[in-house]
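Chemist: Supplied in structure tokens, the structure appears directly below.
In the working numbering, the protein residues as written are 49 to 200.
This is how it looks when you write it as structure tokens:
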């Protein structure tokens, strides 16, 4: 009586493991590039949201005929204003961070009376995956800084 083989030989299993290892080694760098690209796109979207919120808040305040330092309400959220635009100061829940509707995926770093840096929270080096918002002064409008993506 001849015995039939059941299962795979050791050589067949090793060949399959080697092939899977080669596929993983070539796919992993591409996957890492996808994550970085996603963080960059997320950051650019947040910058756009901040720029839009800045202009919407200004238009809302102007249309209501309010003084330039009087707060407004956008979508049920109180927004603190300075010189006609959202503030950058703490608490972040009432300044430009709140006006733009940014989620927990972002962090507000160093909010002060004049500027705040918004970073992607899960970036490898968040301080270099960021952009800044500088509040308006009596002589100049607010500035939304360029996106820095070296640490994304």
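Virtual Cβ for every residue (Gly too), placed ideally from N, Cα, C.
By how many angstroms is the C-alpha of residue 172 removed from the C-alpha of residue 221?
Modeler: Outside the shown range of the chain (49 to 200) lies residue 221, about which nothing can therefore be said.
Chemist: My guess is that residue 167 and residue 174 are in contact by the Cβ rule of under 8 Å, so how many angstroms apart are they, rounded?
Modeler: Counting from one through the chain shown, the residue named residue 167 turns up at place 119. Counting from one through the chain shown, the residue named residue 174 turns up at place 126. At roughly 4 Å, the Cβ-Cβ gap stays under 8 Å, so residue 167 and residue 174 are in contact.
Chemist: Give me the DSSP bridge partner(s) of residue 102.
Modeler: Looking up residue 102 in the chain shown gives position 54. Paired residue(s): none; residue 102 is not in a bridge.
Chemist: So if DSSP puts residue 134 in a beta bridge, which residue, or which two residues, is it bridged to?
Modeler: Residue 134 sits at position 86 when you count from the first residue of the chain shown. In DSSP, residue 134 forms a bridge with 129.
Chemist: Counting contacts by CB-CB distance shorter than 8 Å, is residue 68 in contact with chain D?
Modeler: Chain labels in this structure do not include chain D; a single protein chain is all it has.
Chemist: In angstroms, rounded to a whole number, what distance separates the CA positions of residue 196 and residue 109?
Modeler: Here residue 196 corresponds to residue number 148 of the chain shown, with the count starting at 1. Here residue 109 corresponds to residue number 61 of the chain shown, with the count starting at 1. When rounded, the distance between both Cα atoms is 31 Å.
Chemist: Cutting at 6 Å between CB atoms, please list the residues of its own chain near residue 155, excluding the five before and the five after it.
Modeler: For the purposes of this step, residue 155 is identified with residue 107 of the chain shown, where counting begins at 1. Excluding positions up to five away in sequence, the list reads 167, 169.
Chemist: Express the C-alpha separation of residue 82 and residue 58 in angstroms, rounding to a whole number.
Modeler: By one-based count along the chain shown, residue 58 stands at place 10. By one-based count along the chain shown, residue 82 stands at place 34. Taking the straight line joining both Cα atoms gives about 36 Å.
Chemist: In angstroms with no decimal places, state the Cα-to-Cα distance between residue 198 and residue 176.
Modeler: If you number the chain shown from 1, residue 198 lands on position 150. If you number the chain shown from 1, residue 176 lands on position 128. Approximately 6 Å, taken between the alpha carbons.
Chemist: Going by DSSP, what residues sit across from residue 155 in a beta bridge?
Modeler: Translated into the one-based positions of the chain shown, residue 155 becomes position 107. BP columns for residue 155 point to 167.
Chemist: Could you check the C-alpha separation between residue 130 and residue 78 for me, to the nearest Å?
Modeler: Along the chain shown, read from residue 1 onward, the residue named residue 130 stands at position 82. Along the chain shown, read from residue 1 onward, the residue named residue 78 stands at position 30. Taking the straight line joining both Cα atoms gives about 45 Å.
Chemist: Out of 87, 128, 62, 188, state which residue places its alpha-carbon closest to the alpha-carbon of residue 147.
Modeler: As a first step, residue 147 is located in the chain shown; it is residue number 99 there, counting from the start. Considering only alpha carbons, the answer is 128.
Chemist: Which residues does DSSP list as the beta-bridge partners of residue 196?
Modeler: What you label residue 196 is simply residue 148 of the chain shown in a count that begins at 1. DSSP, once it has assigned bridges, lists 178 as partnering residue 196.
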